[in-house]
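K.L.:
The following block contains the structure, expressed as structure tokens.
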Amino acid sequence: MKIKENTGYKVFLVVNTIIMILISVATLYPFLYLVAQSFSSEKAIIEGHVGLIPKGFNLKTYFYVLSKGDFLKFYKNTIIYTAVGTVLSLTFSSMLAYPLSKPELKGMKILTPLVIFTMYFGGGMIPNYVLVVRLGLKNTMAAFILPMMISTYYVLLMKSFFAGTPKDLEEAGELDGLSKFGVFLRVVLPLSKPIMATMTLFYAVMYWNNWYQAFLYLRKEKWPVAYYLQTIIRGQGANDQDAQQVATNIKSCAMVLTVLPIICVYPFIQKYYVQGMMLGGVKE
Amino acid sequence: MSSNLGSPRKSNWQPKKKRSMQNWQLYAMLVVPIIYYIVFRYLPMFGNIIAFRRYRAGGNLFGSGAFGLKYFKSFIKDASFWRAFKNTLILNVTYLAFRFPLTLIFALLINEIRNLHWKKFVQTVSYLPHFISMVIVCGMIKELVATNGPLNAIVHMFGGESIQFLAVAKYFVPIFTISGVWQSIGWGTILYLAAMANINPSLYEAAAVDGAGHFQRVWHITLPSILPTITTLLILDIGGLVGSGGSFEKVFLLYNPMIYSSADIISTYVYRMGIGSGNYSYATAVGLFEGLINLVLLTIANLTSKKLTDSSLF
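Line by line, the protein sequences are chains G and Y.
1 is the number of the first residue of the first sequence in the numbering used here; add one for each residue after it.
285 is the number of the first residue of the second sequence in the numbering used here; add one for each residue after it.
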């Protein structure tokens with residue numbers, strides 16, 4: 001049945017469209033401003049002439065950032081950390097989530113609350129820091145990856161998804177001679193593409209964006225690009241010794257290049273992660 | 285013949301036995317994750333013990349010397365701690381007061397979009413800030429409020445003098461709140477939109493037949509249907525009001541000594557006292573205090589949510 005709408009509603013629809021346009025513009029504005037700055041001359045930026053359209057348009061900044069060694073070196077570090085971290089995270093999160101998704105398995109009734117509890121109470125900043133230092137992980141890739149390798153929240157999302165796998169398919173796999181692990185690998189995982197795509201995005205974004213572990217534990221040659229950005233954004237006169245002075249257009253250019261891969265990927269997985277978030281029911 | 289009779293029974297029985305024996309593979313999958321949780325989740329949890337005894341850099345993970353409440357007694361008397369406590373509350377309450385209703389309204393408005401492509405576009409755009417590194421978010425904030433940036437351009441337009449927004453204490457909470465809404469409003473709609481998509485369309489049709497106008501239908505059908513989601517989210521948000529862990533990155537990246545009076549929150553205070561100045565035990569005591577209050581508040585919030593709406597986290 002088609003519901004008839006009155007004129008008041010039609011006016012509302014127009015107003016709503018305008019509101020949505022305004023919100024979209026407001027959301028995109030800081031990004032567009034950044035892009036405009038990255039193509040502008042430093043002089044125009046300092047004088048405050050740059051709006052959404054670049055002034056003193058040039059590509060020199062991009063050539064400079066991409067040819068000068070530092071940025072690319074840090075970018076490469078980020079790519080390595082993201083790749084290694086995401087693979088480890090996906091492997092061990094799914095290996096935890098799958099047994100947890102079987103409440104009939106002995107021991108899971110004890111293990112599940114022990115895992116969930118860590119979401120609500122933990123070591124806090126200092127004990128975590130002390131642990132990483134005392135394990136001798138300072139200035140290693142492990143110090144960057146391990147503290148966040150398994151996210152309990154993501155494990156619970158995966159667990160809910162795995163729990164929805166039809167039991168008869170798993171049993172059919174076993175009758176075909178697959179082992180329990182074989183069923184997980186050949187039956188359950190191929191049916192779990194939506195959640196695995198979501199988790200790949202979430203974990204990859206987490207590593208790509210992380211600066212905090214680098215700030216605490218890593219020396220300059222191992223920095224990921226996010227922390228390098230922080231040091232140039234902070235500039236001189238800030239209270240951390242890594243800070244360095246860099247022109248605004250170079251900062252903007254480096255930020256644009258760092259955000260770009262995420263912007264290129266996340267819209268295409270939208271259908272999956274919206275579904276994935278719903279699995280969690282309620283959180284955040 | 286007898287073997288014919290016996291074999292199906294046997295083949296029925298054997299996989300079952302094989303199956304239960306094969307459970308060891310499921311347990312084997314758990315080995316690395318369990319070790320991980322012991323080392324990186326439970327060890328630091330017990331590491332909180334250094335709130336009660338002295339930890340020296342490079343010393344025993346669980347500290348050394350006599351146990352006592354001396355670090356708790358000293359931070360309770362510290363005005364900087366109470367300033368951070370107050371700032372945390374003000375920041376969280378202000379942020380929640382704006383973020384929560386705006387997210388709900390935004391979700392209701394998205395739900396009214398008729399063109400599906402346009403709807404998807406708005407959603408995609410609104411999710412974008414959620415995926416951006418806090419470093420870049422704060423970098424953008426700094427550019428926007430810079431003396432030669434767009435916000436000061438507006439100030440100039442009205443004849444004002446340039447303002448160094450991040451150097452004035454009273455601007456910190458507004459900057460944090462506005463940028464926070466910008467970051468979270470889109471992502472926050474996902475659960476509401478999911479709940480709205482689950483509403484039975486025949487409810488709307490029936491109401492329309494009864495002569496209810498569009499806004500009446502939103503008021504009498506949409507809102508009541510998503511009320512459990514609203515209540516649960518709100519209760520859990522309220523349960524987290526004393527927590528400052530989630531705001532650490534952003535505050536740490538934006539604040540500076542000039543605006544500590546409004547910007548220093550518990551987690552940044554813990555960082556400065558502990559990792560910054562090496563008073564590990566003192567900082568751990570502050571962090572543990574916050575963690576325990578959080579745990580209690582979340583538990584109360586969760587029980588309330590369970591009672592009122594039948595949905596809960598744990």
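Virtual Cβ for every residue (Gly too), placed ideally from N, Cα, C.
All values derive from a computational prediction rather than experimental measurement.
1) Taking C-beta pairs closer than 7 Å, name the residues in chain Y that residue 199 of chain G reaches, listed in chain order.
2) Can you list, in chain order, the residues of its chain whose CB lies under 8 Å from that of residue 152 of chain G, leaving out five sequence neighbours each side?
3) First and last residue of the alpha helix (DSSP H) that includes residue 507 of chain Y?
4) Residues bridged to residue 589 of chain Y by DSSP?
5) Taking 8 Å as the threshold (beta carbon to beta carbon), is residue 292 of chain Y in contact with chain G?
6) Considering only residues of the same chain and omitting the five flanking positions on each side of residue 539 of chain Y, which have a CB-CB separation below 6 Å?
7) If contact means a Cβ-Cβ distance below 7 Å, which residues of the stretch 521-536 of chain Y contact chain G?
8) Is it true that the CB of residue 420 of chain Y sits closer than 8 Å to the CB of residue 255 of chain G?
9) Among the candidates G:31, G:67 and G:134, whose CA atom is the shortest distance from the CA of residue 260 of chain G?
10) Assuming residue 415 of chain Y and residue 205 of chain G form a contact by the criterion Cβ under 8 Å, report the distance between their Cβ atoms to the nearest whole angstrom.
11) Which partner residues of residue 348 of chain Y appear in the DSSP bridge assignment?
12) Hey, quick one: how far does the alpha helix (DSSP H) through residue 134 of chain G stretch, first residue to last?
13) Report all residues from its chain with a CB closer than 7 Å to the CB of residue 411 of chain Y; omit the five preceding and five following residues, and keep chain order.
14) Starting from the Cα of residue 483 of chain Y, find the closest Cα among Y:429, Y:365 and Y:395 and give me that residue.
15) Once the 5 residues before and after residue 55 of chain G are set aside, which same chain residues still bring their CB inside 6 Å of it?
16) Spatial neighbours of residue 98 of chain G within its chain, please: C-beta separation below 7 Å, excluding the five flanking residues on both sides.
17) Which residues in the same chain as residue 391 of chain Y place their Cβ atom closer than 6 Å to its Cβ, once the five residues preceding and following it in sequence are excluded?
18) Rounded to whole angstroms, what is the Cα-Cα separation between residue 501 of chain Y and residue 20 of chain G?
19) Give every residue of the same chain whose Cβ lies closer than 8 Å to the Cβ of residue 488 of chain Y, excluding the five residues on either side of it in the sequence, and list them in chain order.
20) So residue 94 of chain G and residue 158 of chain G are in contact, right, with Cβ under 8 Å, and what is the actual spacing, rounded?
21) Listing by chain order, which chain G residues have their CB less than 9 Å from the CB of residue 559 of chain Y?
22) Let's test the definition: count the other Cβ atoms within 10 Å of the Cβ of residue 532 of chain Y and tell me whether it reaches 16, buried, or not, exposed.
23) Taking only runs that begin and end inside the stretch 525-567 of chain Y, name each unbroken alpha helix (DSSP H) of 4 or more residues, in chain order.
24) For a contact meaning CB atoms closer than 8 Å, what does residue 47 of chain G contact in chain Y?
25) CA-CA distance, residue 401 of chain Y and residue 10 of chain G?
26) Residues in the stretch 139-165 of chain G with C-beta within 7 Å of chain Y's C-beta atoms, listed in sequence order?
27) Among the candidates G:222, G:17, G:253 and G:155, whose CA atom is the shortest distance from the CA of residue 111 of chain G?
28) State buried or exposed for residue 264 of chain G, treating a residue as buried only when at least 16 other CB atoms are found within 10 Å of its CB.
29) Could you name the residues of the same chain whose beta carbon sits closer than 7 Å to that of residue 233 of chain G, not counting the 5 residues immediately before and after it, in chain order?
30) Taking 8 Å as the threshold (beta carbon to beta carbon), is residue 213 of chain G in contact with chain Y?
31) Going by CA-CA distance only, name the one from G:64, G:14, G:164 and G:127 that's closest to residue 253 of chain G.
32) For residue 238 of chain G, which residues in the same chain have their Cβ closer than 7 Å to its Cβ, ignoring the five residues on either side in sequence?
33) Helix, strand or coil: which one does DSSP assign to residue 6 of chain G?
34) Which residue spans inside the stretch 46-83 of chain G form an unbroken beta strand (DSSP E) run of at least 3?
35) In three-state DSSP terms, what is residue 329 of chain Y?
36) By the criterion of Cβ-Cβ separation under 7 Å, what are the contact partners of residue 30 of chain G in chain Y?
P.N.:
Answer, in terms of the structure:
1) What you label residue 199 of chain G is simply residue 199 of the first sequence in a count that begins at 1. Here the premise fails: no neighbours, minimum Cβ distance about 14 Å.
2) Reading the first sequence from its first residue, position 152 is the one you call residue 152 of chain G. Taken in chain order, the residues that qualify are 115, 116, 118 and 119.
3) Within the second sequence, the letter at position 223 stands for residue 507 of chain Y. Run containing residue 507 of chain Y: 507-523, per the alpha helix (DSSP H) assignment.
4) Residue 589 of chain Y sits at position 305 when you count from the first residue of the second sequence. The partner list for residue 589 of chain Y (beta bridge, DSSP) is empty, contrary to what the question assumes.
5) On the second sequence, position 8 is the one that residue 292 of chain Y refers to. Residue confidence for residue 292 of chain Y is low, a pLDDT of 42 falling below 50, so the modelled location carries little weight and cannot support an answer.
6) By one-based count along the second sequence, residue 539 of chain Y stands at place 255. Closer than 6 Å at the Cβ level, and outside the excluded window around residue 539 of chain Y, lie 547.
7) 533
8) Within the first sequence, numbered from 1, the residue matching residue 255 of chain G stands at position 255. Within the second sequence, numbered from 1, the residue matching residue 420 of chain Y stands at position 136. Their beta carbons are under 8 Å apart, which means residue 255 of chain G touches residue 420 of chain Y by this criterion.
9) Position 260 of the first sequence holds residue 260 of chain G. For residue 260 of chain G, the nearest C-alpha among the options comes from G:31.
10) On the second sequence, position 131 is the one that residue 415 of chain Y refers to. On the first sequence, position 205 is the one that residue 205 of chain G refers to. Sure, about 5 Å apart at Cβ, within 8 Å.
11) Along the second sequence, one-based indexing puts residue 348 of chain Y at 64. Answer by DSSP bridge pairing, in chain order: Y:338.
12) The residue given as residue 134 of chain G occupies position 134 in the first sequence. Start and end: 125-134.
13) Translated into the one-based positions of the second sequence, residue 411 of chain Y becomes position 127. Same-chain partners within the cutoff: 470 and 471.
14) Position 199 of the second sequence, counted from the first residue, corresponds to residue 483 of chain Y. Of the candidates Y:429, Y:365 and Y:395, the one whose C-alpha sits nearest the C-alpha of residue 483 of chain Y is Y:395.
15) Against the first sequence, residue 55 of chain G aligns to sequence position 55. Excluding sequence neighbours, residue 55 of chain G sits near 40, 44 and 49.
16) On the first sequence, residue 98 of chain G is found 98 positions in, with the first residue counted as 1. Within the same chain, residue 98 of chain G has close Cβ partners 162, 184 and 188.
17) For this step, residue 391 of chain Y is matched to residue 107 along the second sequence. Around residue 391 of chain Y: 473, 476 and 477.
18) In the second sequence, counting from the first residue as 1, residue 501 of chain Y sits at position 217. In the first sequence, counting from the first residue as 1, residue 20 of chain G sits at position 20. Near 21 Å, if we compare the C-alpha coordinates of residue 20 of chain G and residue 501 of chain Y.
19) Stepping through the second sequence from its first residue, residue 488 of chain Y is reached at position 204. Answer for residue 488 of chain Y: 501 and 505, listed in chain order.
20) As a first step, residue 94 of chain G is located in the first sequence; it is residue number 94 there, counting from the start. As a first step, residue 158 of chain G is located in the first sequence; it is residue number 158 there, counting from the start. Right, the Cβ-Cβ distance comes to about 6 Å (below 8 Å), so this counts as a contact.
21) Working through the second sequence from its first residue, we reach residue 559 of chain Y at position 275. By Cβ distance, chain G contributes 125, 126, 129 and 216.
22) Numbered from 1 along the second sequence, position 248 holds the residue referred to as residue 532 of chain Y. Its Cβ being crowded by 16 or more others within 10 Å, residue 532 of chain Y is buried.
23) 532-538, 544-547 and 550-555
24) On the first sequence, position 47 is the one that residue 47 of chain G refers to. Result: 432.
25) Numbered from its first residue, the second sequence carries residue 401 of chain Y at position 117. Numbered from its first residue, the first sequence carries residue 10 of chain G at position 10. Approximately 19 Å between the Cα atoms of the pair.
26) 146, 147, 149 and 150
27) For the purposes of this step, residue 111 of chain G is taken as residue 111 along the first sequence, with counting starting at 1. Here the closest residue by C-alpha is G:155.
28) In the first sequence, counting from the first residue as 1, residue 264 of chain G sits at position 264. So residue 264 of chain G counts as exposed.
29) Here residue 233 of chain G refers to the residue found at position 233 of the first sequence. Excluding residues within five positions, the ones whose Cβ falls inside 7 Å are 251.
30) As a first step, residue 213 of chain G is located in the first sequence; it is residue number 213 there, counting from the start. It does not: the Cβ of residue 213 of chain G has no partner Cβ on chain Y nearer than 8 Å.
31) For the purposes of this step, residue 253 of chain G is identified with residue 253 of the first sequence, where counting begins at 1. Nearest of G:64, G:14, G:164 and G:127 to residue 253 of chain G, Cα basis: G:64.
32) In the first sequence, the residue the question calls residue 238 of chain G occupies position 238. The predicted model places residue 238 of chain G with a pLDDT of 45, which falls under 50 and marks its position as unreliable; any figure quoted below should be read in that light. Same-chain partners within the cutoff: there are none.
33) As a first step, residue 6 of chain G is located in the first sequence; it is residue number 6 there, counting from the start. Looking at residue 6 of chain G - three-state DSSP - the assignment turns out to be coil, as it is neither helix nor strand.
34) none
35) Mapped onto the second sequence, residue 329 of chain Y falls at position 45. Of the three classes helix, strand and coil, the one that applies to residue 329 of chain Y here is helix, per DSSP.
36) One-based indexing of the first sequence puts residue 30 of chain G at position 30. Chain Y residues near residue 30 of chain G: 424 and 428.
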